[in-house]
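Residue numbers (this note's numbering), protein chains in the order written: chain B, 8 to 374; chain C, 8 to 374. Glycine residues also receive a C-beta, built at the ideal position from the N, C-alpha and C atoms.
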């Protein structure tokens, strides 16, 4: 699925596989598949503990603490790493890890400075046919609040889909959004109107052929403007390590003017006050992956869950914008998720696209 | 020890660390030290299981079985891997692994073909300040026939030496060999004469500053010619997966003319019959690492054991040869080890350099 559907790896291509801790079995399976396609493979270690050790060592070298990270002087994209990615056709990122908090004691400023210094490496990697996926590890099972066995089944069901059929269905949603001007979302304590005029929706079908770089995926998203009204996000999530429940936003003239949350209101406020763009929406996404039937506190999965929608405060994806137009810009992109299974509907230009989480072409759809 | 003494890593250098399975803790320690020096780090996975999977997948892609490996058509050095090494200053190879037999069912011809196709990558890597070391793993402890605890202590004692002092002592051995013409080795059933005229000995002090690329090291070696006489290798070793015990070689006119072994005579014969050069010696080495006090069935350690010498059939190292002279050439380089602790001596031009494993400057040396 990863090698053929998502990354479309072909004979002679140069592949980089970045394997997090705990993903060795998937790295072995990837190596076999890459070999079978006749492509070339370099496997990198994507260990968070190695990264933490390096950052902490470098901070000591620079002789300062993390609070002054601006002065750290992290070296700009190292030539060897840059050359590796510049000569790669495909990058496969195998997420996993043995401790989701492995970088918790690295100051955020240090991480940001290191990441900023390596912007060229990042751009070279993003210029490839890259795909990011997840291998079930006990650390991720723990984060999801479930057993390792159950988590493995969950990931399997989310990843091993009939992507071709789903891509066709998602194309219908994209078509509706691309042809429409205004989206209205209605649910309990939610009545939100967004403009999608001139915007392009992305059919995120978990394949580089669809400009979709996550496996699993299964969402259609676009970049709205002119948001008006109020919306409640009844599905819990974690933002910057803080649990957020029942967040509510009120928009006026395309800006958040009021907000609250049953839990985590402080971090929500931090997000909103980041910059100008953080008060506006960068994304409207419609989750369509029916293999994802529960929340696992991992946005890669949660936002794709069928019968949910998500809205992101902050940065818009350029893929949704008309040529030469810059969308909403911000240092953040924070997704918030709403359950659409009950008493909810999404309509485009007055026509109902989805009611109670079922699209108008589904058997379960109620007129 | 690895970062400072061996690899001499300095600020701004580009470092590649290749971490085998089971070496994650060392990879973390390396990352911290590399960061502390202000160098740049890319960590690769050196998993034998990933390599096996890739080779087996590629063989399937090529549609043939391993016996026809010449036709496999492995791609020549992939551009991304080559670029990584060409832009690297230092490569640290962390050996370990979770199963020393992980590649046992990959046909040798397949491995050779894959390795041959990637000769440019290998050369780019060898052109850096590379260092190969070992992290204790349970698989290596098993190979050594000892517990994990005991093996960890063993590796620690072998690696954490006063290298500077040892390098000075080894310089005395090198000086003697560089100034000498003929080496004579005498022991039970051993009386061998070798010419070292015009040859340069290498002070293998586990540091790139000494042109020595293994940690641990601790040997002085040279490339002899004109071998005459007989030699018995009383220390057991493993050659191509076969145990070899009490191997004996008889040389005439610089060529093996007779051989036998108490165990493993067949594999010894295979080695000797590989090619012309396999019948001649490529190396005489004198083990001087006093932290290595037992055999562990790992040539990286065994050949460095103090109070032993080793001779290699096959290829000579160019570092030992005068400019523009090519030494003994062969597809193989197989080390055989002899215990020098009892009734043995090594002399150079008639003067005893070492008796019963003690050099003439040691207190234990008996005139």
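Tell me which same chain residues have a C-beta within less than 6 Å of the C-beta of residue i, skipping the five on either side of it?
i	result
residue 47 of chain B	21
residue 45 of chain B	18
residue 54 of chain C	28
residue 13 of chain B	138, 213, 214, 222
residue 192 of chain B	199, 353
residue 25 of chain C	51, 53, 100
residue 337 of chain B	282, 284, 285, 321, 322
residue 98 of chain B	23, 132, 135, 137
residue 371 of chain C	365
residue 197 of chain B	238, 239
Sorry if obvious, but does the Cβ on residue i come closer than 7 Å to a heavy atom of the ligand GDP?
i	result
residue 197 of chain B	Inclusion of the ligand GDP in the displayed structure is not the case, the ligand content being empty and no account of it being possible.
Run the CB neighbour count on residue i, radius 10 Å, all protein chains shown included, and call it buried at 16 or more, exposed below.
i	result
residue 301 of chain B	exposed
residue 260 of chain C	exposed
residue 250 of chain C	exposed
residue 181 of chain C	buried
residue 361 of chain C	buried
residue 356 of chain C	exposed
residue 351 of chain C	buried
residue 224 of chain B	buried
residue 42 of chain B	buried
residue 40 of chain C	buried
residue 156 of chain C	exposed
residue 333 of chain B	exposed
residue 167 of chain B	exposed
residue 59 of chain B	buried
residue 30 of chain C	buried
residue 316 of chain B	buried
residue 172 of chain B	exposed
residue 111 of chain C	exposed
residue 103 of chain C	buried
residue 369 of chain C	exposed
residue 294 of chain B	buried
residue 230 of chain B	buried
Leaving aside the five residues before and after residue i along the sequence, list all residues of the same chain whose C-beta is less than 8 Å from its C-beta, in chain order.
i	result
residue 164 of chain B	298, 299, 300
residue 82 of chain B	124
residue 329 of chain B	205, 206, 207
residue 94 of chain B	21
residue 127 of chain C	83, 84, 89
residue 266 of chain B	254, 255, 256, 257, 272, 275, 276, 279
residue 107 of chain C	146, 147, 149, 150
residue 174 of chain B	210, 212, 214, 217
For residue i, which residues in the same chain have their Cβ closer than 7 Å to its Cβ, ignoring the five residues on either side in sequence?
i	result
residue 318 of chain B	238, 288, 290, 291, 343
residue 278 of chain B	246, 285, 320, 339, 341
residue 272 of chain C	none
residue 241 of chain B	253, 345, 346
residue 148 of chain B	154, 155, 158
Identify the continuous beta strand (DSSP E) that holds residue i and give its terminal residues.
i	result
residue 355 of chain C	352-355
residue 156 of chain B	Taken as a continuous stretch (DSSP letters only), residue 156 of chain B belongs to no beta strand (DSSP E), being part of the alpha helix (DSSP H) at 155-166.
residue 145 of chain B	Unbroken run through residue 145 of chain B is the alpha helix (DSSP H), 145-151; no beta strand (DSSP E).
residue 201 of chain C	197-202
residue 373 of chain B	That residue, residue 373 of chain B, is in no beta strand (DSSP E); it is neither H nor E in DSSP.
residue 139 of chain C	136-141
residue 191 of chain C	189-194
residue 246 of chain C	244-246
residue 211 of chain B	209-211
residue 14 of chain C	Counting along the chain, residue 14 of chain C falls outside any beta strand (DSSP E), and DSSP gives it neither H nor E.
residue 250 of chain B	249-251
Could you give the first and the last residue of the continuous alpha helix (DSSP H) run that contains residue i?
i	result
residue 174 of chain C	170-186
residue 130 of chain B	126-133
residue 358 of chain C	Per DSSP, residue 358 of chain C belongs to no alpha helix (DSSP H); it is in the beta strand (DSSP E), 358-362.
residue 236 of chain B	From DSSP, residue 236 of chain B is part of no alpha helix (DSSP H) but of the beta strand (DSSP E) over 232-240.
residue 259 of chain B	Element bounds for residue 259 of chain B: not the alpha helix (DSSP H) but the beta strand (DSSP E), 254-259.
residue 43 of chain C	31-43
Interface residues of the segment 40-63 of chain C facing chain B [CB-CB below 7 Å]: 40, 41, 42, 43, 44, 45, 47, 48, 49, 50, 51, 52, 54, 56, 57, 60, 61, 62, 63
Minimum length 3: unbroken beta strand (DSSP E) runs contained in the segment 47-117 of chain B: Within the segment 47-117 of chain B, the runs of beta strand (DSSP E) that reach at least 3 residues and sit entirely inside it are, in chain order, 47-52, 97-102.
3 or more residues per run - each beta strand (DSSP E) lying fully within the segment 266-343 of chain C: 288-294, 315-321
Interface residues of the segment 93-121 of chain C facing chain B [CB-CB below 9 Å]: Cβ contacts with chain B come from 93, 94, 95, 96.
Chain C contacts from the segment 204-235 of chain B (Cβ-Cβ distance under 7 Å): none
Chain C contacts made by the segment 156-167 of chain B, where a contact means CB separation under 9 Å: none
Against chain B: residues of the segment 261-275 of chain C by CB proximity under 8 Å: none
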